[in-house]
């Protein structure tokens, strides 16, 4: 993945090749991928809602009108929340890394605090699926790693910021490459990556106080774990009246930060379908 990233930006050799050796490059890769993503994004996804009702009945026609209105609402939400931009980034991931991951979840801060469903891109470097899975349907768990500030953690999980009043806990994990740090090197991209000329220091602070470097700002590594569980229950067969054991799948969300469990709840408490969001 890191080699693919370097080849995309025509920086495959980096600083590891001797100056006297030839360094062939392929500057056509970036514009080709850019053209492919733009072409594929010309036709954006459209929602099709079909009512589950007996056809050609007043009941079905009533729900058909609701379904048409819901299609308009979903399309408006798609545009307002810029989901097209997130899908475009996943398209880039598809060509650079061979896989693109999208996540549809609920964001309670959207729509003026009313909340809205939204689709976001997930970095392949931060996504750890069940290694035994062959597709999304037979996976037993998915783990997503996120690095958050204390403020972001408290915004997403109110009250969790009080658990880290003395600072965050960051674990060593895969880092997504970017144009500031390169591929697999250094800290993740930040708003203020270094000193601004003529200043010679990348630190800041109040007058007379010790400066704080941007990379010293405490961060918290949050693990969002989606775990597949099953329940066994007994049902009665209608014709023979025999008891039959049945199995029902359900997903559970466990969020961990440091040594704390921030959230532990069944997915059915988050949304009615009770499945994972990927």
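Residue numbers (this note's numbering): 23 to 300.
Even glycine gets a Cβ: it sits at the ideal position worked out from N, Cα and C.
Cut-off 6 Å between Cβ atoms - residues of its own chain near residue i, not counting five sequence neighbours on either side
{"i": "residue 121", "result": "146"}
{"i": "residue 142", "result": "108 and 125"}
{"i": "residue 23", "result": "119"}
{"i": "residue 253", "result": "270"}
{"i": "residue 150", "result": "165"}
{"i": "residue 96", "result": "69"}
{"i": "residue 198", "result": "145 and 147"}
{"i": "residue 195", "result": "167"}
{"i": "residue 127", "result": "299"}
{"i": "residue 246", "result": "166 and 277"}
{"i": "residue 251", "result": "272 and 274"}
{"i": "residue 66", "result": "106"}
In DSSP terms, what residue i is bridged to
{"i": "residue 157", "result": "DSSP lists no partner for residue 157."}
{"i": "residue 243", "result": "169"}
{"i": "residue 288", "result": "274"}
{"i": "residue 108", "result": "DSSP lists no partner for residue 108."}
{"i": "residue 143", "result": "124"}
{"i": "residue 194", "result": "Paired residue(s): none; residue 194 is not in a bridge."}
{"i": "residue 251", "result": "272"}
{"i": "residue 151", "result": "164"}
{"i": "residue 283", "result": "278"}
{"i": "residue 54", "result": "Per DSSP, none; premise fails for residue 54."}
{"i": "residue 257", "result": "266"}
{"i": "residue 138", "result": "129"}
8 Å CB neighbourhood of residue i in its chain, flanking five on each side removed
{"i": "residue 244", "result": "167, 168, 169, 170, 175, 277, 278, 279 and 284"}
{"i": "residue 51", "result": "29, 30 and 32"}
{"i": "residue 297", "result": "273 and 289"}
{"i": "residue 116", "result": "122"}
{"i": "residue 268", "result": "254, 255, 256 and 257"}
{"i": "residue 179", "result": "277, 284 and 285"}
{"i": "residue 193", "result": "243"}
{"i": "residue 177", "result": "131"}
Cβ-Cβ separation, residue j to residue i (assumed contact under 8 Å), whole Å
{"i": "residue 132", "j": "residue 140", "result": "6 Å"}
{"i": "residue 183", "j": "residue 173", "result": "7 Å"}
{"i": "residue 257", "j": "residue 272", "result": "About 16 Å; that fails the 8 Å criterion."}
{"i": "residue 275", "j": "residue 293", "result": "Going by Cβ atoms, the distance from residue 275 to residue 293 rounds to 11 Å, so no, they are not a contact pair."}
{"i": "residue 71", "j": "residue 82", "result": "Rounded, the Cβ-Cβ distance is 13 Å, inconsistent with contact."}
Within 8 Å, strictly: CB atoms of residue i and residue j
{"i": "residue 191", "j": "residue 242", "result": "yes"}
{"i": "residue 129", "j": "residue 137", "result": "yes"}
{"i": "residue 200", "j": "residue 118", "result": "no"}
{"i": "residue 98", "j": "residue 85", "result": "no"}
{"i": "residue 282", "j": "residue 185", "result": "yes"}
{"i": "residue 69", "j": "residue 106", "result": "no"}
{"i": "residue 255", "j": "residue 158", "result": "no"}
Cβ shell of residue i (< 7 Å), same chain only, five flanking positions each side left out
{"i": "residue 265", "result": "256 and 258"}
{"i": "residue 14", "result": "The structure shown does not extend to residue 14, since the chain is modelled only from 23 to 300, so the question has no answer here."}
{"i": "residue 101", "result": "none"}
{"i": "residue 38", "result": "none"}
{"i": "residue 291", "result": "none"}
Cutoff 8 Å: residue i Cβ touching any chain C Cβ
{"i": "residue 111", "result": "Judged by its chain identifiers, the structure shown contains no chain C, having just a single protein chain."}
Any contact of the region 30-46 with the region 59-66, i.e. 3+ C-beta pairs under 8 Å?
-> With the cut-off at 8 Å, the region 30-46 and the region 59-66 do not touch.
For the region 157-164 against the region 100-113, are there 3 or more C-beta pairs whose distance is under 8 Å?
-> no
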